[in-house]
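**Q**
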Amino acid sequence: MKKLLYSMILLALMLSMNHKAFAEETLPVLNKAVIDIETEDGQYVVTEQIEISNIQGESLEVGHLLSKITDNQVSEVSFNTTEGDVSPSIETGERLDKYFLSLNNVEQGSVAYTIEYKIPRVDHHFDVPLFVPDFATSDVERNIVISFTAPEGMEIQKNSFPNIIEGGKNHVEKHMTNIPSKVAYVFSEETVYLHSYNIISFIAIFALLVLLVSWGLVEIKKSKRRNS
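All you need for my numbering is the position in the sequence shown, starting with 1, plus 7.
#1: When we look at the beta-carbon of Q164 and count the other beta-carbons within 10 Å, is it buried (16 or more) or exposed?
#2: Tell me where the beta strand (DSSP E) around D141 begins and ends.
#3: How is the beta strand (DSSP E) around T184 delimited, first residue to last?
#4: Between the beta-carbon of E162 and the beta-carbon of K176, is there less than 8 Å?
#5: Give me the Cα-Cα distance between S167 and V190, rounded to the nearest whole angstrom.
#6: Using alpha carbons as the reference points, say which of I171, R149, S117, I44 lies closest to P127.
#7: Here's a check: name, in chain order, each residue in its chain whose Cβ is nearer than 8 Å to the Cβ of K66, leaving out the five neighbours to either side.
#8: Go ahead and pull the three-state DSSP assignment for G223.
#9: For a minimum of 3 consecutive residues, which ranges assigned as the beta strand (DSSP E) are wholly contained in the stretch 91-116?
#10: Taking 7 Å as the limit between beta carbons, can you name the residues of its chain near Y51, skipping five residues before and five after?
#11: Does the beta-carbon of F107 have 16 or more other beta-carbons within 10 angstroms, so that it is buried, or is it exposed?
#12: CA-CA distance, D92 and I122?
#13: Looking at C-alpha atoms only, which residue of P187, I59, E55 is the closest neighbour of S117?
#14: With 16 as the cutoff for other CB atoms within 10 Å, does E98 come out buried or exposed?
#15: Look at the alpha carbon of I186 and the alpha carbon of G100, and state the distance between them as a whole number of angstroms.
#16: T184 and I151 - do their beta-carbons sit closer together than 8 Å?
#17: For N234, which three-state DSSP category applies?
#18: If I measure Cβ to Cβ from E83 and keep anything under 8 Å in the same chain, skipping five residues before and after, which residues do I get?
#19: Quick one: Cα of S74 to Cα of K181, how far?
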């Protein structure tokens, strides 16, 4: 009986220590991001305002993934903090690059900085890669805000990504839970009603109807055989 009691006490102590260790091991989180994309002089101008919170200590290194999804290379990349411009270290890869930013101005467990860059705009190519910090978002709230402004006289189409509810506008805004690796806002001079998304939807609906009709015909044949 005593051995059992000692074992239970020892187990309780070990669980308590493990719980305390996990509680102390907190990770920084991506608390907020406001991303603005505009078109200017034949190029995309991107501004990302990032806020990292839950930081333990007075400094932090943040990695940022940038996908190589287009032949167009980003240019004029700048990272700006309250201390001014900061030069990141870069690891280049075949499909993505990683930018490491050292932050030494952490106050009250949080830090904010801005990323700015440009991408050449090519006709009929709408992909824009985004810098994605290493850290996950803090919760399920939609603290990631992405806004896009098309060139003057252009309308944003429904087959854009992130998806938009209503097309035909010059400016849209989307609230999300995470930063995507890219966006693709499709725009033209007038609303396009027949685009890739519509075609895919039509094909899917047609295929479903064919499947239902085929299933109905098979069931009718089976019923006739039973009755004959």
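Where is the CB? At the ideal position from N, CA and C, for every residue including glycine.
**A** In short:
#1: buried
#2: For D141, there is no enclosing beta strand (DSSP E), as DSSP gives it neither H nor E.
#3: First-last for T184: undefined, no H or E at that position.
#4: yes
#5: Rounded to whole angstroms, S167 to V190 spans 8 Å at the Cα level.
#6: If we check each option's Cα against that of P127, I44 comes out closest.
#7: Note on identity: in this sequence residue 66 is Ser, with Lys being the wrong assignment. If we look at S66 and ignore the five residues flanking it on each side, its Cβ neighbours are S109, L110, N111, V113.
#8: helix
#9: 91-93, 96-98, 103-110
#10: I44, K125, I126, R128, V135
#11: exposed
#12: Each residue's Cα considered, the two are about 10 Å apart.
#13: I59
#14: E98 should be labelled exposed.
#15: Cα-Cα distance, rounded: 20 Å.
#16: With respect to T184, I151 sits close: the two C-beta atoms are nearer than 8 Å.
#17: helix
#18: Contacts found: E123, Y124, K125.
#19: 21 Å
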